[in-house]
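Step one of this worksheet: look at the structure below.
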Amino acid sequence: MPFGLCNSPAIFEQLMEKIPQPVPASTCVVYLDDILVHAVTYSTAFNNLRLVFQQIAKANLCLNLAKCNLFSEVFSFLGLVSYYKQFIAGFADIARPLHQLTEKAQQFQWSPSSQDAFNWLHKTLIMAILLAIPDPSKPFILDTDASNDGVGVVLSQMGELGERAMA
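Here's what the structure looks like:
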């Protein structure tokens, strides 16, 4: 479909709305050329994705894999726990199965070792970053981060064990 025509987006969206028909509307959302497939469990998500991919193939359409952000939660989680890696002994070894999932040449395969690494890091992170009580006599450290998608802030202070988060 030619770009630049005033009706192109509407016509294309109508086509895209018809493609994922076998997938329930509650688990597949289409907006222009974006398709969001979601589910409560990985197995249901994979089944829904398989159905959508089959329908796209039947319609002889191509997907732009570079635009796909499948399993972007892994990147977000690794970003969070990497910030606190100083509090997690053996972080690199423990997080290795999750880091391997983010490699471009690697096929995404959520394995038992991936699940174990996620569970262990999640539990350890919760235990490691229990908020410290602020000491008004010491200087505060404010770490900020922002992107087009969100904002993050950590208020901390240096203590006997190094930098500790307050909020």
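In full-length UniProt numbering, the protein residues as written are 1 to 167. Glycine residues also receive a C-beta, built at the ideal position from the N, C-alpha and C atoms.
Check for me: the beta strand (DSSP E) holding residue i runs from which residue to which?
| i | result |
| --- | --- |
| L155 | 151-159 |
| V37 | 34-37 |
| A165 | 162-165 |
What does the alpha-carbon distance come out to for the pair residue i and residue j?
| i | j | result |
| --- | --- | --- |
| R96 | Q21 | 39 Å |
| D145 | Y83 | 11 Å |
| I126 | F46 | 29 Å |
| Q109 | E73 | 14 Å |
| L142 | D135 | 14 Å |
| L78 | Y42 | 19 Å |
| G55 | A39 | Note that residue 55 corresponds to Gln in the displayed sequence, not to Gly. Using only the alpha carbons, I get a separation of about 18 Å. |
| V81 | L5 | 46 Å |
| C62 | Q14 | 17 Å |
Kindly indicate the opening and closing residues of the alpha helix (DSSP H) around residue i.
| i | result |
| --- | --- |
| Y42 | 42-58 |
| E17 | 8-18 |
| P97 | 91-101 |
CB residue i to CB residue j, shorter than 8 Å?
| i | j | result |
| --- | --- | --- |
| G159 | A132 | yes |
| L32 | F12 | yes |
| V30 | L51 | no |
| A59 | I19 | yes |
| C28 | N48 | yes |
Mind checking who residue i pairs with in its DSSP beta bridge?
| i | result |
| --- | --- |
| D143 | V154 |
| L62 | A quick correction: the sequence has Cys, not Leu, at residue 62. Looking at the DSSP assignment, C62 forms no beta bridge with any residue, so it has no partner. |
| V30 | I35 |
Give me, in chain order, the residues of the same chain whose beta-carbon lies closer than 8 Å to that of residue i; leave out the 5 immediate sequence neighbours on both sides.
| i | result |
| --- | --- |
| residue 169 | Because the chain here runs from 1 to 167, residue 169 falls outside it and cannot be looked at. |
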